[in-house]
């Protein structure tokens with residue numbers, strides 16, 4: 048059995064955390080391939096090493112003195128090395144990094160050094176092989192992950208090794224420069240490695256015991272989600288339920304490898320299993336609730352719109368020409384509402400309005416701002432009649448005005464639009480009706 | 048005060064009905080302009096004169112003998128004329144019509160003679176002027192109503208008259224041939240006449256006392272709708288709540304003239320007032336429920352669809368290229384459902400499927416057939432929180448599985464998709480929760 052284990056920044060922020068990580072890894076011989084992040088925050092006001100590296104590089108790139116900032120980074124690593132009692136010098140590495148900062152090796156290079164150095168430290172501490180991600184993870188000229196080239200190199204390389212630490216977050220471009228995934232991209236590296244070694248499980252170790260039914264900033268102590276499907280997760284994370292990098296799902300999903308989100312500080316907790324599909328009944332009718340603020344609705348009215356071939360296409364064309372993705376498009380008989388991200392829409396507002404007038408000749412258009420969208424997601428919703436009734440009754444009792452409803456025939460989710468002012472009470476009402484009253 | 052009064056076929060099916068019509072017209076001197084349909088059915092197995100004319104003309108056009116069929120039509124008119132004791136001969140008219148049938152004057156010409164002759168009879172009976180619609184209502188070369196040309200002639204002509212009977216349903220083309228509106232088009236003529244004389248009210252006399260909250264074939268003895276807005280009506284009639292020709296709304300709505308649907312057999316009933324907007328509270332939270340069977344849903348799934356600029360536009364483009372109007376397009380995060388008319392979609396199914404694959408590269412597409420759509424419509428829904436909750440709770444109690452929900456931010460309606468097998472029970476459940484429990 049082979050597991051790929053990825054550890055987030057808070058799991059590797061200090062020597063104390065490194066010890067927990069080693070205990071976890073050595074507890075099972077199957078944990079052969081390890082993907083570390085850069086050291087994260089040790090306390091709430093602390094700075095992540097990645098941010099220190101960005102700051103330091105920005106000074107260097109402007110030709111300013113960055114020695115005290117650079118020393119602070121060295122101190123973070125030597126603090127860990129000394130506390131762990133390791134016989135390890137990173138002087139050569141730090142010299143190279145310093146030289147490359149002056150030589151303007153790029154912000155991606157700078158940021159990636161956090162994982163690179165942490166990988167060397169962790170490999171030494173575990174007695175594992177170190178494999179530089181720059182030699183096995185590739186991007187193409189457009190800066191996108193190059194799975195073809197990576198698949199030619201990475202699986203073969205890892206097949207020769209009993210174990211390895213492969214730093215997360217970065218890889219190399221065709222011209223050998225360093226390129227990173229977007230922030231949180233170590234999750235993606237872990238997923239790529241898991242697919243490459245055909246792992247039985249991809250464990251993603253964080254500082255939470257998996258996903259929660261609702262955002263803990265809104266609900267006190269929400270229930271955990273023990274099993275979630277990829278689809279459910281995608282819907283919830285789209286709406287802002289964080290923890291896992293979105294792109295981390297594809298490599299393992301394609302290979303049929305489940306993901307287990309685990310808590311480094313509470314390894315005994317089951318965490319959340321992310322699976323393709325499952326016969327396991329979820330604890331509640333809903334798997335999770337997530338939501339986002341900051342949407343705008345453009346309401347378009349035109350008599351006989353439904354009978355006008357191409358009307359919907361022409362409406363969407365206007366948004367597309369202005370580079371705006373639409374989120375939802377509920378429609379009545381003579382009305383069509385296009386829901387968009389407020390921040391993207393606002394600067395293009397007048398171009399879009401005049402485009403709609405020219406392209407679609409509507410009777411009226413009006414714009415409503417400050418809408419929040421809530422996704423109620425659950426694979427069990429399809430077989431539980433009355434889910435919609437419970438949701439909307441609960442919202443009515445909570446005095447929430449429902450501005451928009453969108454349920455497609457997948458029956459996996461219901462999307463509800465409410466005023467931003469009602470967002471928290473709406474989330475609470477839905478959580479309560481499905482979770483608290485169910486207990 | 049000026050009212051335009053339009054009478055439907057059943058209101059003018061016999062001498063007995065003509066008497067009721069005369070009583071109604073003479074009861075108010077404002078009822079100066081009258082638009083009649085052709086004589087309709089006198090009993091359920093009877094044939095409408097319009098259908099008799101079509102049948103007769105079809106024989107004539109094939110060069111067959113149509114004299115007995117033609118005599119049957121003459122009998123219908125002479126029956127009315129004799130029973131009313133009128134001193135009126137239509138021999139000259141019938142000779143002309145016969146000659147034109149043989150000369151292949153067209154199906155539209157044939158059909159229009161029902162209204163034409165009935166107009167002559169009614170004008171004589173009322174002592175009103177007769178104005179042939181062919182001289183005042185115009186179509187353009189594309190066969191569409193030509194409002195510009197009509198507005199040049201019709202208002203001037205009617206301004207010179209104290210009263211007039213103008214037959215409904217037809218007008219003339221630029222080449223002087225006769226052209227009809229689609230079936231039920233006398234409603235449209237009435238509306239055009241009302242706008243032309245700037246009427247205070249357009250009375251549309253039928254055989255029902257206005258609109259009902261629900262289809263009486265589904266609900267026994269449903270409540271009447273006393274006041275409905277144009278928008279509400281449009282939504283309900285789109286979904287199959289008949290009575291008024293769709294195109295009849297535009298001319299009067301543009302001119303700000305309300306429509307009153309009245310019952311010739313119960314003139315004392317208030318009927319339904321159709322208005323632009325009203326401060327009148329409706330009797331129930333919902334104004335009406337209507338629905339239609341025969342829809343198909345095309346479910347399209349693709350990971351990260353939401354982030355793909357132009358995805359929705361490309362989907363709709365495929366339907367448009369195949370000449371298919373879509374009804375609704377509810378969407379999740381990675382899913383989009385396109386709801387279309389089954390009868391339109393089925394013959395183009397494979398073209399559309401391959402078009403979607405080529406144009407949009409979805410992960411999966413599946414097709415679900417036999418969906419019914421239900422529109423719950425009401426201007427009071429916006430201010431009554433909990434409407435959605437009541438609907439979906441009622442549907443759950445009735446064991447109806449909700450396949451799709453679409454509520455735009457107009458909050459004037461909620462569109463619900465259910466399996467066709469659940470259609471009637473869904474309609475009943477919604478009617479009961481809003482109307483019966485409210486009483």
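Residue numbers (the numbering used here), protein chains in the order written: chain A, 48 to 486; chain P, 48 to 486. Don't be surprised by glycine CBs; every beta carbon is placed ideally from N, CA and C.
- Close to residue 439(P), with beta-carbon spacing below 9 Å, are these residues of chain A in chain order: 433, 434, 435, 436, 437, 438, 439 and 440.
- Note: residue 454(A) is bridge-paired with 452(P) in the DSSP secondary-structure output.
- For the stretch 274–285 of chain A, the residues whose beta carbon sits under 8 Å from a beta carbon of chain P are, in order, 278, 281, 282 and 285.
- Residue nearest to residue 51(A) within the set 240(A), 368(A), 259(A) and 376(A) is 240(A) (criterion: CA-CA distance).
- One alpha carbon belongs to residue 445(A), the other to residue 435(A), and they sit about 15 Å apart.
- Near chain A, meaning a CB-to-CB distance below 9 Å, the residues of the stretch 374–388 of chain P are 374, 375, 376, 377, 378, 379, 380, 381, 382, 383, 384 and 386.
- According to the DSSP secondary-structure assignment, residue 385(A) is paired through a beta bridge with 345(A).
- Annotation for residue 118(P): the continuous alpha helix (DSSP H) segment containing it runs 114–130.
- Beta bridge pairing from DSSP links residue 335(A) with 424(A).
- Out of 101(P), 78(P) and 149(P), the CA that lies nearest to the CA of residue 111(P) is found in 149(P).
- Against chain A, a Cβ distance below 9 Å from residue 165(P) picks out nothing, because the smallest value is about 30 Å.
- In the assembly as shown, residue 392(A) is a buried residue. Its beta-carbon has 16 or more other beta-carbons within 10 Å.
- If you draw a straight line from the Cα of residue 55(A) to the Cα of residue 95(A), it comes to about 11 Å.
- Residues of the stretch 455–470 of chain P that bring their beta carbon within less than 8 Å of a beta carbon in chain A comprise 455, 456, 457, 458, 459, 460, 461, 462 and 464, in sequence order.
- Residue 319(A) has 308(A) as its beta-bridge partners, per DSSP.
- Taking residue 243(P) as reference, the option from 299(P), 411(P) and 400(P) with the minimal CA-CA separation is 299(P).
- Taking all protein chains in view, the Cβ of residue 53(P) is crowded by 16 or more other Cβ atoms within 10 Å, so the residue is classified as buried.
- Within chain P, the residues placing a beta-carbon under 9 Å from that of residue 372(A) are 353, 354, 355, 356, 357, 358 and 359, ordered along the chain.
- Boundaries cannot be given for residue 109(P), as no alpha helix (DSSP H) includes it and DSSP labels it neither H nor E.
- Counting C-beta atoms within 10 angstroms of its own C-beta, residue 165(P) has 16 or more neighbours from the protein chains shown and is therefore classed as buried.
- The beta-carbon separation of residue 353(A) and residue 384(A), rounded to 14 Å, does not stay under the 8 Å limit for a contact.
- The stretch 336–346 of chain P makes contact with the stretch 422–437 of chain P; the number of CB pairs closer than 8 Å reaches 3 or more.
- Annotation for residue 248(A): the continuous beta strand (DSSP E) segment containing it runs 248–253.
- Separation of the CB atoms of residue 65(A) and residue 131(A) is rounded to 6 Å, and the pair is thereby assigned contact status at 8 Å.
- Taking one beta carbon from each stretch, the stretch 78–88 of chain P and the stretch 207–216 of chain P have 3 or more pairs nearer than 8 Å; the two touch.
- At least one C-beta of chain P is nearer than 8 Å to the C-beta of residue 446(A).
- Residue environment: residue 123(A) is assigned as buried (16 or more neighbouring CB atoms within 10 Å of its CB, all protein chains considered).
- Distances from the CA of residue 356(A) to each of 396(P), 106(P) and 368(P) were compared; the closest alpha carbon is that of 368(P).
- Between residue 400(P) and chain A, the shortest Cβ-Cβ separation is not below 8 Å.
- Contact annotation: residue 61(A) and residue 127(A) have beta-carbon atoms nearer than 8 Å.
- Around the beta carbon of residue 84(A), a 10 Å sphere encloses 16 or more other beta carbons of the protein chains shown; the residue is thus reported as buried.
- When the five nearest sequence neighbours on each side are left out, the beta carbons in the same chain lying within less than 6 Å of the beta carbon of residue 382(A) are those of 348, in order along the chain.
- Closest in alpha carbon position to residue 450(A), among 351(A), 268(A), 465(A) and 427(A), is 465(A).
- At a cut-off of 8 Å between beta-carbon atoms, residue 364(A) makes contact with chain P.
- Around the beta carbon of residue 181(P), 16 or more other beta carbons lie within 10 angstroms, which makes this residue buried.
- No Cβ-Cβ contact shorter than 8 Å links residue 160(A) with residue 276(A).
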